[in-house]
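Sequential numbering of the sequence shown, starting at 1, is according to the working numbering.
Data first, discussion second: the structure below is written as structure tokens.
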Amino acid sequence: MKTEYDIYLSQVTLDEIEKCAETKRNTLYDYLSDIEYTKLEISTEIVELAQKIIDMGILRPKSFDDCQHIAAAVVNACDCIISWNFKHIVNIKTIRGVRAITNLEGYKNIDIINPSVLLESEE
């Protein structure tokens with residue numbers, strides 16, 4: 001199914017899906033089979049930026065996977081990160097911290113939003 005958005009998923013996301021229980025994993029793969037998306041491989045640049053997110057105190061080391069999600073989107077110049085992860089990603093501390101690190105490191109700014117923002121704007 002073609003959408004009006006270009007969709008990108010990091011390899012970390014796909015690895016997380018693979019770890020899900022079989023029923024949930026199959027459901028998620030069914031959803032993914034209905035959309036066109038580009039897989040973002042985890043590069044050295046992404047790992048280094050993820051580590052900088054931790055070093056700056058934006059997120060803790062135990063949230064390294066979340067840092068890689070963010071870094072993959074930043075390095076690949078995505079317009080926004082869409083996530084239901086309010087604990088680590090869609091919150092004011094992370095949003096402000098990512099804005100600071102993109103400015104410091106010379107990357108394009110990125111919006112971090114929850115999916116309902118897009119759904120509401122399409123009504």
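For each residue, glycine too, the CB sits at the ideal point set by N, CA and C.
{"Item": "For the beta strand (DSSP E) that contains Tyr8, what are its first and last residues?", "Value": "8-10"}
{"Item": "Could you pull the DSSP bridge partners for Asp111 from this structure?", "Value": "Cys80"}
{"Item": "For the putative contact between Ala72 and Ile46, defined by C-beta atoms under 8 Å, what is the C-beta separation to the nearest angstrom?", "Value": "5 Å"}
{"Item": "Quick check on the burial criterion: 16 or more other C-beta atoms within 10 angstroms. Buried or exposed for Asp79?", "Value": "exposed"}
{"Item": "Can you tell me whether Thr38 is buried or exposed? The criterion is at least 16 other CB atoms within 10 Å of its CB, across all chains shown.", "Value": "exposed"}
{"Item": "With Leu40 as the anchor, note down where its beta strand (DSSP E) starts and where it stops.", "Value": "38-40"}
{"Item": "Since Ser83 contacts Asn109 with CB under 8 Å, what's their CB separation in whole angstroms?", "Value": "Actually they are not in contact, since the Cβ atoms of Ser83 and Asn109 sit about 17 Å apart, beyond 8 Å."}
{"Item": "Decide if Ile101 is buried, meaning its Cβ has at least 16 other Cβ atoms within 10 Å, or exposed.", "Value": "buried"}
{"Item": "Going straight from the alpha carbon of Tyr8 to that of Leu119, what length do you get?", "Value": "18 Å"}
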